[in-house]
Amino acid sequence: DNIDGKKHHSEASIPNRVVFSLYCILSSEHLEFLKLLLLLITNMSNIAEKNNKDMPPRAAVASLRSDIASFKVMDVLQRANELESKGRKILHCEVGQPETGAPLRVAAAAAEALTTGPPRQVMGYTEAFGLPDLRNKIAQHYVKTYKDIDAPKVSNIVVTTGSSGGFLLAFLAAFDVGDVVAVASSGYPCYRNILSALGCELVTIQINKKFKLTASQLMDEIIQRREEGKKKPIKGLILSSPSNPTGAMLDEEELCDICETCDANGIQFISDEIYHGISYGTTKEATALMYSNKSIVINSFSKYYSMSGWRLGWLVVPDHLVAPINRLQQNMFINAPTISQTAALKCWEDETIEELEGHVAKYRTSRQIILNALASLKEIDPENIAPADGGFYVYVDLGETNVGHLLGSVAFCEALLEEEGVAFTPGTDFEDPASNLGNRRFRISYAGGHLLG
């Protein structure tokens with residue numbers, strides 16, 4: 028292990044190890060040659076190391092999973108806000124955000140929690156699933172609101188960072204990469220986008236002429252996939268009622284059929300019920316908890332409770348998902364915002380409910396104004412207007428004859444905003460990207476109240 032009187036260990040540099048191997052093969056008369064070779068290799072190694080240091084770093088590259096569609100209503104909102112900042116008056120009919128803000132008692136509770144004492148409340152971490160008092164109130168809400176239902180177990184209620192946090196927790200707990208999840212052909216775009224980012228495969232099920240996805244359409248897809256044999260079975264279904272964007276609602280029988288079909292076929296049903304509380308008497312509200320103990324229910328404080336920016340929602344989950352969702356919540360969110368949870372304890376007080384029902388009365392008036400105006404347009408087929416049973420949207424199909432090359436709902440909504448200062452959302456945000464319906468349809472939000480006179 029000695030070359031020219033210098034010790035060379037096995038951990039030595041690559042050039043030294045190369046020369047040492049040659050030395051073992053060659054005779055001593057080649058020693059000078061080896062010294063020159065060692066010098067040459069060492070110099071080459073130093074030059075290469077210097078060049079590597081001088082090279083600029085590789086450009087950062089975004090992950091493939093992040094290459095999803097934008098939430099286009101937020102793009103419309105951004106442009107509307109830009110126009111407003113330049114002095115334009117904009118009528119915001121794009122986002123599903125109540126103009127009213129949080130109920131007075133809720134806002135007062137937040138202020139009190141932050142400012143009064145002693146001691147002033149710290150607003151530290153809560154349990155991962157949220158404040159026990161809030162979860163108890165959510166459980167009692169179901170008993171008071173729906174018929175023939177037992178209170179869900181408090182241990183199965185998860186307070187989340189908005190419904191968006193609930194979607195992420197539910198999808199991660201229920202589905203693996205490559206699982207097939209069904210969505211309605213007209214639906215909330217973030218279902219598609221989040222599921223795609225998580226590596227799930229999407230199957231689109233066409234809604235019927237009443238703008239609904241029922242057990243009949245679901246069963247047709249199940250049977251077709253079985254008969255073809257090569258397609259993977261459906262692992263999950265997510266569906267909202269009242270629907271965003273259509274406002275269509277499943278009645279009690281239709282929801283019961285969906286739950287039973289999913290349970291019988293091993294499909295994890297996720298019932299998005301964030302627009303519950305905002306309906307107009309055409310269809311009675313029902314929760315999946317009335318018909319299945321295997322479904323996941325998602326709700327939110329953003330819509331009926333008018334707390335969109337407070338980022339607060341909840342899940343009711345089946346027993347087998349309690350522990351997985353607890354672990355996911357601990358690691359991803361720790362807990363939903365404590366100040367929002369504290370304030371939300373006031374959501375079910377009589378004074379607060381009275382205020383919130385006043386909001387629904389405004390929505391009802393706004394809805395009727397829009398439906399009456401649309402009914403006066405002979406160019407639009409009444410059957411192309413979704414029923415608007417609940418929520419605060421009217422969804423309109425312009426019809427095939429009213430759409431031409433470069434003259435669809437995207438261009439229509441853009442021109443309406445730029446020229447008239449009215450912000451609508453084009454149907455491309457809600458429709459199956461494989462269809463052409465997105466450029467025929469648009470959504471009007473009346474969450475911002477109404478103007479009379």
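For the sequence shown, the numbering used here assigns the number 480 to the last residue and increments by one with no breaks.
Built from N, CA and C at the ideal position, the CB exists for glycine as well.
Remember, it's a predicted structure, so these values are computed and weren't measured experimentally.
Starting from the Cα of residue i, find the closest Cα among the options and give me that residue.
i: K259; options: T288, F198, V208, S243; result: V208
i: P272; options: Y420, L110, L444, V437; result: Y420
i: V340; options: S333, P351, F328; result: A small fix is needed here, since residue 340 is Gly in this sequence, not Val. It is F328.
i: E445; options: H168, L110, G426; result: L110
i: V230; options: N220, N362, I176, V423; result: N220
i: F360; options: T143, T153, D203; result: T153
i: H303; options: Q295, E312, F296; result: E312
i: P159; options: V186, A136, A137, I285; result: V186
i: I261; options: V122, S267, R253; result: R253
i: A200; options: A363, L225, S267, A415; result: L225
i: V462; options: Q233, T188, A275; result: The displayed chain sequence assigns Ser, not Val, to residue 462. The option with the nearest alpha carbon to S462 is Q233.
i: G128; options: R467, C374, C217, K164; result: C374
i: E126; options: H386, Y422, A402, D408; result: H386
i: R467; options: Q244, V430, A138; result: V430
i: G263; options: I285, E427, A413; result: I285
i: K405; options: T392, A413, G426, L161; result: G426
i: S180; options: T188, K174, Y169; result: One point to set straight first is that residue 180 is Lys, not Ser, in the sequence displayed. Out of T188, K174, Y169, Y169 has the C-alpha closest to the C-alpha of K180.
i: L266; options: G214, T310, E381; result: G214
i: V204; options: S182, L222, M317, T310; result: L222
i: E139; options: D102, F202, Q357, S367; result: S367
i: F21; options: A438, F469, P460, L464; result: Because the chain in this structure spans residues 28 to 480, residue 21 falls outside the shown range and cannot be described.
i: A137; options: G448, A371, I471; result: A371
i: Q357; options: E279, I95, T188, K164; result: T188
i: Y473; options: V122, I68, V103; result: V122
i: L161; options: V133, D177, A350; result: V133
i: E279; options: M101, G151, T309; result: T309
i: F439; options: P460, L65, I471, G417; result: I471
i: G417; options: A388, S270, L383, L104; result: S270
Which residue comes first and which comes last in the alpha helix (DSSP H) that contains residue i?
i: S329; result: Here S329 belongs to no alpha helix (DSSP H), and DSSP marks it neither H nor E.
i: S367; result: 365-371
i: G465; result: That residue, G465, is in no alpha helix (DSSP H); it is neither H nor E in DSSP.
i: T284; result: The displayed chain sequence assigns Asp, not Thr, to residue 284. Here the alpha helix (DSSP H) through D284 covers 279-291.
i: I250; result: 242-255
i: S393; result: 377-402
i: M359; result: 349-359
By the 10 Å Cβ neighbour count, where 16 or more other Cβ atoms means buried, how is residue i classified, buried or exposed?
i: I74; result: exposed
i: N108; result: exposed
i: H347; result: exposed
i: A155; result: buried
i: K34; result: Any reading at K34 needs caution, since the residue's pLDDT is 48, under 50, leaving its predicted position unreliable; the model's value is listed next. Answer is exposed; the Cβ neighbour count stays below 16.
i: M71; result: exposed
i: V149; result: exposed
i: G480; result: Confidence in G480 is poor, its pLDDT being 42 and thus under 50, which makes the residue's placement unreliable; the coordinate value appears in the next sentence. The residue in question, G480, is exposed, as its Cβ has fewer than 16 Cβ neighbours within 10 Å.
i: E458; result: buried
i: Q295; result: buried
i: P409; result: exposed
i: S298; result: buried
i: V88; result: exposed
i: T143; result: exposed
i: R92; result: exposed
i: N29; result: Residue placement at N29 is flagged as unreliable, the pLDDT there being 48, under the threshold of 50; a coordinate-derived value is accordingly withheld.
i: T369; result: buried
i: M276; result: buried
i: K330; result: buried
i: I250; result: exposed
i: K237; result: exposed
i: Q124; result: buried
i: G293; result: exposed
i: P460; result: exposed
Where does the unbroken beta strand (DSSP E) through residue i begin, and where does it stop?
i: A211; result: 207-211
i: S267; result: 261-267
i: V343; result: 340-343
i: I297; result: 295-299
Chain D beta carbons: is any one of them nearer than 7 angstroms to that of residue i?
i: K262; result: The question asks about chain D, but that chain is absent: this structure has only one protein chain.
If contact is defined by three or more beta carbon pairs under 8 angstroms, each pair taking one atom from either stretch, is the segment 193-209 in contact with the segment 427-440?
They do not touch, by the three-pair rule.
At 3 residues or longer, and completely inside the segment 414-444: list those beta strand (DSSP E) runs for me, N to C.
Correct list: 420-424.
For the segment 97-168, which segments carrying the alpha helix (DSSP H) assignment without a break, of at least 4 residues, lie completely within its bounds, in sequence order?
Restricting attention to alpha helix (DSSP H) runs no shorter than 4 residues, the segment 97-168 encloses them at 99-112, 131-142, ordered along the chain.
Between the segment 277-292 and the segment 319-326, do at least 3 Cβ pairs fall closer than 8 angstroms?
Touching, yes, given that three or more Cβ pairs across the two stretches are closer than 8 angstroms.
May I have a chain-ordered list of the alpha helix (DSSP H) segments no shorter than 4 residues that lie completely inside the segment 183-238?
Whole alpha helix (DSSP H) segments, 4+ residues: 189-201, 216-224.
Three Cβ pairs or more, each shorter than 8 angstroms: is that satisfied between the segment 399-415 and the segment 366-382?
A contact between stretches requires three or more CB pairs, one per stretch, nearer than 8 angstroms, and the segment 399-415 fails this requirement with the segment 366-382.
Is the segment 129-143 touching the segment 329-336, taking contact as three or more C-beta pairs under 8 angstroms?
Touching, yes, given that three or more Cβ pairs across the two stretches are closer than 8 angstroms.
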